[in-house]
Amino acid sequence: MSSADMSSTESSANLAPVHGTNPPHSNNSPHSNNPTRDEGSKTSSSEQNAIKRLLWLIALVAGLASLFAYGIMRNPNRRDNIDSVLVGGPLPEFDMPLFERYHDRFGARYQFDEDGAQLAALTGKPMIVNFWASWCGPCRDEAPVLERTWRQYGDDVLVIGINTQDRSRDNARAFLSEFDLTFPNGVDENSRIGIDYGIFGLPETFFVAADGTLVYKHAGPITQAMIDIQLESMLP
Amino acid sequence: MADSPQPNSTPADSIRYPVTALDSGRNRVSKKIAYGLAGIGVLIVAGLFIYQALNTSLVYFILPSEHASNPSQYVNRRIRLGGIVEKDSVSFDDEQLLLNFYITDSIDRYAVSHYGTPPELFQENTGVVVEGGFENGVFVSDNLLVKHSEVYEAAPDGTVDLDMLRESLE
Amino acid sequence: MPELSLSLPMLGTASLALAMAVAVYAVAAGIMGAIRHDARLQTSARYAAIAVFMAMTTAVLTMQTALLTDDFSVEYVAQTSRAASPLWVKVVTMWAALEGSILLWAWLASGYTAVVAFASPNNALRNWAIVVLNVVSVFFISVNAFVANPFTLVPNPPMDGPGPNPLLQNHWMMAVHPVLMYLGFVGLTVPFAFAMSALINKRPGSEWMSQTRAWTISGWGFLGIAKIAGGWWSYEVLGWGGYWAWDPVENVSFLPWLTATAFLHSVQVQERRRMLKAWNLLLIILTFALTILGTFIIRSGVVSSVHAFGDGPVGPYFLAFFLLVVLVSFGLLMLRWDQVRDHGELDAIVSREGSFLLGNVLFLAMTFAVLLGTLFPLFVEAVSGDKVTVGAPFFNQVSLPIWLAIFALMGIGPLLPWRKASHQSLVKNLAWMVGIGLVSALIAYVAGVRKVYPLWTVGFAGYNFASIVLLLDAAIRPRMRISGRGFWSVFGQYAVESRRRFGSIIVHFSVIIMALGVAGSGGYRVDEQVRIEIGESVTLDSNYRLEVVDRFMEQTPYRVAGGVLVNVHRGNRQIASLRPKINVFLGQEQQPVPTPDVLYTVWQDIYLSVSGTVSPDQDFVVLRVVQSPLVAWIWVGAVIMLVGTFYCLLPKRRYVPVPARQAVPAS
Numbered sequence: 002m003s004s005a006d007m008s009s010t011e012s013s014a015n016l017a018p019v020h021g022t023n024p025p026h027s028n029n030s031p032h033s034n035n036p037t038r039d040e041g042s043k044t045s046s047s048e049q050n051a052i053k054r055l056l057w058l059i060a061l062v063a064g065l066a067s068l069f070a071y072g073i074m075r076n077p078n079r080r081d082n083i084d085s086v087l088v089g090g091p092l093p094e095f096d097m098p099l100f101e102r103y104h105d106r107f108g109a110r111y112q113f114d115e116d117g118a119q120l121a122a123l124t125g126k127p128m129i130v131n132f133w134a135s136w137c138g139p140c141r142d143e144a145p146v147l148e149r150t151w152r153q154y155g156d157d158v159l160v161i162g163i164n165t166q167d168r169s170r171d172n173a174r175a176f177l178s179e180f181d182l183t184f185p186n187g188v189d190e191n192s193r194i195g196i197d198y199g200i201f202g203l204p205e206t207f208f209v210a211a212d213g214t215l216v217y218k219h220a221g222p223i224t225q226a227m228i229d230i231q232l233e234s235m236l237p
Numbered sequence: 174m175a176d177s178p179q180p181n182s183t184p185a186d187s188i189r190y191p192v193t194a195l196d197s198g199r200n201r202v203s204k205k206i207a208y209g210l211a212g213i214g215v216l217i218v219a220g221l222f223i224y225q226a227l228n229t230s231l232v233y234f235i236l237p238s239e240h241a242s243n244p245s246q247y248v249n250r251r252i253r254l255g256g257i258v259e260k261d262s263v264s265f266d267d268e269q270l271l272l273n274f275y276i277t278d279s280i281d282r283y284a285v286s287h288y289g290t291p292p293e294l295f296q297e298n299t300g301v302v303v304e305g306g307f308e309n310g311v312f313v314s315d316n317l318l319v320k321h322s323e324v325y326e327a328a329p330d331g332t333v334d335l336d337m338l339r340e341s342l343e
Numbered sequence: 140m141p142e143l144s145l146s147l148p149m150l151g152t153a154s155l156a157l158a159m160a161v162a163v164y165a166v167a168a169g170i171m172g173a174i175r176h177d178a179r180l181q182t183s184a185r186y187a188a189i190a191v192f193m194a195m196t197t198a199v200l201t202m203q204t205a206l207l208t209d210d211f212s213v214e215y216v217a218q219t220s221r222a223a224s225p226l227w228v229k230v231v232t233m234w235a236a237l238e239g240s241i242l243l244w245a246w247l248a249s250g251y252t253a254v255v256a257f258a259s260p261n262n263a264l265r266n267w268a269i270v271v272l273n274v275v276s277v278f279f280i281s282v283n284a285f286v287a288n289p290f291t292l293v294p295n296p297p298m299d300g301p302g303p304n305p306l307l308q309n310h311w312m313m314a315v316h317p318v319l320m321y322l323g324f325v326g327l328t329v330p331f332a333f334a335m336s337a338l339i340n341k342r343p344g345s346e347w348m349s350q351t352r353a354w355t356i357s358g359w360g361f362l363g364i365a366k367i368a369g370g371w372w373s374y375e376v377l378g379w380g381g382y383w384a385w386d387p388v389e390n391v392s393f394l395p396w397l398t399a400t401a402f403l404h405s406v407q408v409q410e411r412r413r414m415l416k417a418w419n420l421l422l423i424i425l426t427f428a429l430t431i432l433g434t435f436i437i438r439s440g441v442v443s444s445v446h447a448f449g450d451g452p453v454g455p456y457f458l459a460f461f462l463l464v465v466l467v468s469f470g471l472l473m474l475r476w477d478q479v480r481d482h483g484e485l486d487a488i489v490s491r492e493g494s495f496l497l498g499n500v501l502f503l504a505m506t507f508a509v510l511l512g513t514l515f516p517l518f519v520e521a522v523s524g525d526k527v528t529v530g531a532p533f534f535n536q537v538s539l540p541i542w543l544a545i546f547a548l549m550g551i552g553p554l555l556p557w558r559k560a561s562h563q564s565l566v567k568n569l570a571w572m573v574g575i576g577l578v579s580a581l582i583a584y585v586a587g588v589r590k591v592y593p594l595w596t597v598g599f600a601g602y603n604f605a606s607i608v609l610l611l612d613a614a615i616r617p618r619m620r621i622s623g624r625g626f627w628s629v630f631g632q633y634a635v636e637s638r639r640r641f642g643s644i645i646v647h648f649s650v651i652i653m654a655l656g657v658a659g660s661g662g663y664r665v666d667e668q669v670r671i672e673i674g675e676s677v678t679l680d681s682n683y684r685l686e687v688v689d690r691f692m693e694q695t696p697y698r699v700a701g702g703v704l705v706n707v708h709r710g711n712r713q714i715a716s717l718r719p720k721i722n723v724f725l726g727q728e729q730q731p732v733p734t735p736d737v738l739y740t741v742w743q744d745i746y747l748s749v750s751g752t753v754s755p756d757q758d759f760v761v762l763r764v765v766q767s768p769l770v771a772w773i774w775v776g777a778v779i780m781l782v783g784t785f786y787c788l789l790p791k792r793r794y795v796p797v798p799a800r801q802a803v804p805a806s
């Protein structure tokens, strides 16, 4: 582009006055020029040129803006969509081993599949699925809340804890003993379940209706009040 | 007239235009045209070159059913094929280091042969994107990406929301 | 210490807010000062720039304190740090994620602004330049303050966090690479600011570029080294044995470097010949605009990339700022068009300025091609809805010929005189260069190099080497004749007195070295996957034998690694023991990352990366074996380039001949 600009400049303008793109008028004597008229016509034409160039620029910018705006809008991977994907649909299946302390009452494994919970005598109930880890601070806050819920609604609602991304099994066991959690807790081996459920952080809690569809997903620590509100709408 | 010095200009004039005085107006115009033509020529060549290069190295991202509906469009082209790893179709030959499986979008399925060990998160029923081309009806891949998210799980009746699958793999 | 953990993030947010307010004031005071010609207001704006820097420093120190004391009440710390990480990882975690990197960028921007405000001489351009720099600071601080606050609180702090992305904590280079990158970006903001000031002040001469020469060279140097450092990190960490993949994220940070390189050359034409005024302004505006555009593309996820930067909330802000920058700066350039268009004319294409101009056009053509290839998927999707990616072949096909042309110009350009070259000297020089180039290519051909681009590269490397010898010869021989001193004495004087010239020769020399490295590793890289039983060995085609001796495990508080011990034999001699491994970082268990191990040698690297798993119940291991000829020379070249750049920046000094015998007799 610049090479064209350069070739278009007048070579003679080298020593012309500063605003020397306009040649002097045919009369060589500088005194006979009408300086005001000359100024005026020159400014208006250069102004016109400037406006023309600016219009081009604005068109270019508008084009770029719309292209990128489109790019931002169509991007499907935005995080705020994630909730809506699972909510209203069936929960992904999973199958996990339970901690030893629950074996006597609930068996060694807990499976959840299309037909709902496969845990003896616990099918066909609404369910609260809570993901936690022993190192996670808010999980400590909500553990007593979940335990209270389980003791209060235990006949009508299944509470399930899934220990995920923990440092060690022993840390998790210590956590269970510390809060004396009596609802079944299992281990998410290889973080498989966490990935399937698309969890972003800990804790996260899923509310599942009796027919196995996800009603509500809560990211972050949960309170008794939130649990009560959700259960009220889920229980008959 | 005045925009170029006259041939019979006074000595003072020739001092005022020391180097470029010999450049007559006509000369300049023809120079301008020459530059302009050269510029346009270069632009055309560059444009054709870029067009050609783009045309041969565009890699389309498609689903198996999209390929099945118009296979001739993708002959001898490198493509990125996205879909779900079909259940019970995975086998890994650890001698040849060949990973074989079927990729499906629940409408059409293709056999995939990938050279290399399976990535950490690779398993049945997950979304994958393989890159390569078809050879004798088998998709030979040299690049395998696992794209995991809950949306890849097919609905209980085996149907898949194609738009959603497409978006989530992209 | 609950009081401390509460007050820390508040201190951070408060200092951000303060910095923001003062920076806005600095902009206002600078503008008012300029309009009213009020020197006191202008001075006030300069002091405000220092205050902004101090407030930002407080914010950075606060963030560092939060990271080092494991204050997980700060969301950024909770999401990216981990109590068990080593000290250096905690320090660099500040730029391991979005909020922190913007904080780093804003801090560096305010720091450079403060330095300019105080160190640059008092002249017509300074005030508006500081205004522009402060506007840039305001933008980055506002991103921190409004969209990506690094000091957001977590209501219920966790006991520990997951730690930074394993790919980033796996190599020390990741501590350095972003800082270098931002130093480059921020450094090139300074000439941009002075260029804007020149346009605003209607002084589009050469003063803006002469005043910012050191900033330009250092910014360009940082950017180049940052790119190569990133490539080396990719080589050492990612496990595929390459350093450049034409990924969008790599491309967009390459663009400003290309335009900056063009700028670095064309400023010399303006300084010498008063030509290319508009062109230089265009290049520096483009460089700055591309910096912002690149950040937008990386951070908004508009173009899909294998680098998982995600799509933070900052995309639209960077887009808006990019459009604003383009509109205002190009708009200003167009308003001043009549003053900046050239009045001189190129005397001859075959001249120093002609070659620089041609090189500039080539750099710009490359910029355009890379940008087009990077954004093309977006165009296609917007027009037809098809999802496509543009593969590496496009970039190679388009950029390799351009590179070769630039490489050819690099040899001949510095040998040409300004204005017009005499045909005689040109032909003589070219004969030497082409002759040596042909000989080099022939030797390479005999040695077995048959691919086109590597052959051309070797040929042009010889040609460029000859050019450097001719350059030094032309500089030193006449001085020897005149002064009658020996070669080394004259050489030393030349090297010290013509710093920029000599520095540029060093940099060009490093380019030759790196080009050979790229040609060797790009053209003759062998990448294979090899299955080896534990205790057995496999002989590669290149006569290297890999013997897998044993498996091993390593455990630290924050990571577990499993790997294999591999002895590399050549002939009957064991030449190295390599330990490639796979790491699992605590808190990031889903993303195991390999640590390849590399045997660096002069001729070819042996690069081993564990593919798949290493487990006790598996009696074999699959190794990815990459053999890249000459790749080590890229890193060597980078060091030479760094030296050359630094050499250009050394302050000018008169050369004092060491044996000062020619004492002037007292008259």
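Going down the list, the sequences are from chains A, B and C. Basically this note's numbering = 1-based index in the first sequence + 1. Basically this note's numbering = 1-based index in the second sequence + 173. Basically this note's numbering = 1-based index in the third sequence + 139. Don't be surprised by glycine CBs; every beta carbon is placed ideally from N, CA and C. The structure displayed is predicted, hence computed values, not measured ones.
Pairing residue 788/C with residue 353/C gives a Cβ-Cβ distance under 8 Å. Any Cβ of chain A closer than 8 Å to the Cβ of residue 153/C would place that residue at the interface, and such an atom is absent. In the three-state scheme derived from DSSP, where H, G and I count as helix and E and B as strand, residue 457/C is classed as helix. Within the segment 271-317 of chain C, no run of beta strand (DSSP E) at least 3 residues long lies entirely inside it. Among the residues facing chain C, residue 182/A is not included, as its CB has no counterpart in that chain under 8 Å away. Residue-level contact by beta carbon fails for residue 357/C and chain B, as no gap is shorter than 8 Å.
Distance check between residue 105/A and each of 93/A, 174/A, 183/A and 233/A places 183/A closest, using alpha-carbon atoms only.
By a beta-carbon distance limit of 8 Å, residue 709/C contacts residue 682/C. Their separation comes to about 7 Å.
Inclusion of residue 722/C and residue 732/C in the CB contact set at 8 Å is warranted, their separation being smaller than that value. For residue 158/A, the secondary structure class from DSSP, reduced to helix, strand or coil, is coil.
Taking 8 Å as the cut-off, the beta carbon of residue 350/C is found no closer than this to the beta carbon of residue 228/C. Residue state for residue 248/B is assigned as coil, using DSSP reduced to three classes. Think of a sphere of 7 Å around the beta carbon of residue 149/A: no beta carbon from chain C falls inside it, the nearest being about 17 Å out. Between the segment 240-253 of chain C and the segment 195-208 of chain C there are three or more inter-stretch CB-CB distances shorter than 8 Å, so the stretches are counted as touching.
Non-local C-beta neighbours of residue 235/A in its own chain, meaning closer than 7 Å and more than five positions away in sequence, comprise 127, 208, 210 and 216, ordered along the chain. Contact residues of the segment 469-486 of chain C toward chain A are 469, 470, 473, 474, 476, 477, 480, 481, 482, 483, 484 and 485 (C-beta to C-beta distance below 7 Å). Taking each of 305/B, 304/B, 297/B and 338/B in turn and checking the Cα distance to residue 193/A, the smallest one comes out for 297/B.
For the 8 Å CB-CB criterion, residue 534/C and residue 566/C do not form a contact. Listed along the chain, the chain C residues whose CB falls inside 7 Å of the CB of residue 62/A are 462, 465 and 466.
Judged by DSSP in its simplified three-state form, residue 482/C adopts coil rather than helix or strand. With fewer than 16 other beta carbons inside 10 angstroms of its own, residue 191/A counts as exposed.
Assigned with DSSP and collapsed to three states, residue 730/C falls in coil, not helix or strand. For the pair residue 46/A and residue 341/C, the Cα-to-Cα distance works out to about 19 Å. Taken in chain order, the complete beta strand (DSSP E) segments of 3 or more residues contained in the segment 336-417 of chain C number zero; there are none.
The DSSP-derived three-state label of residue 700/C is strand. Contact between residue 769/C and residue 749/C does not hold, since the beta-carbon distance rounds to 25 Å and is not under 8 Å. Of all residues in the segment 429-443 of chain C, only 435, 439, 440, 441 and 442 come within less than 8 Å of chain A when Cβ atoms are compared, listed by chain position. Separation of the CB atoms of residue 602/C and residue 615/C is rounded to 21 Å, and the pair is thereby denied contact status at 8 Å.
Straight through space, the alpha carbons of residue 230/A and residue 365/C are spaced by roughly 54 Å. By the beta-carbon neighbour count (other beta carbons within 10 angstroms, threshold 16), residue 623/C is exposed. Annotated three-state conformation of residue 181/C is helix, per DSSP.
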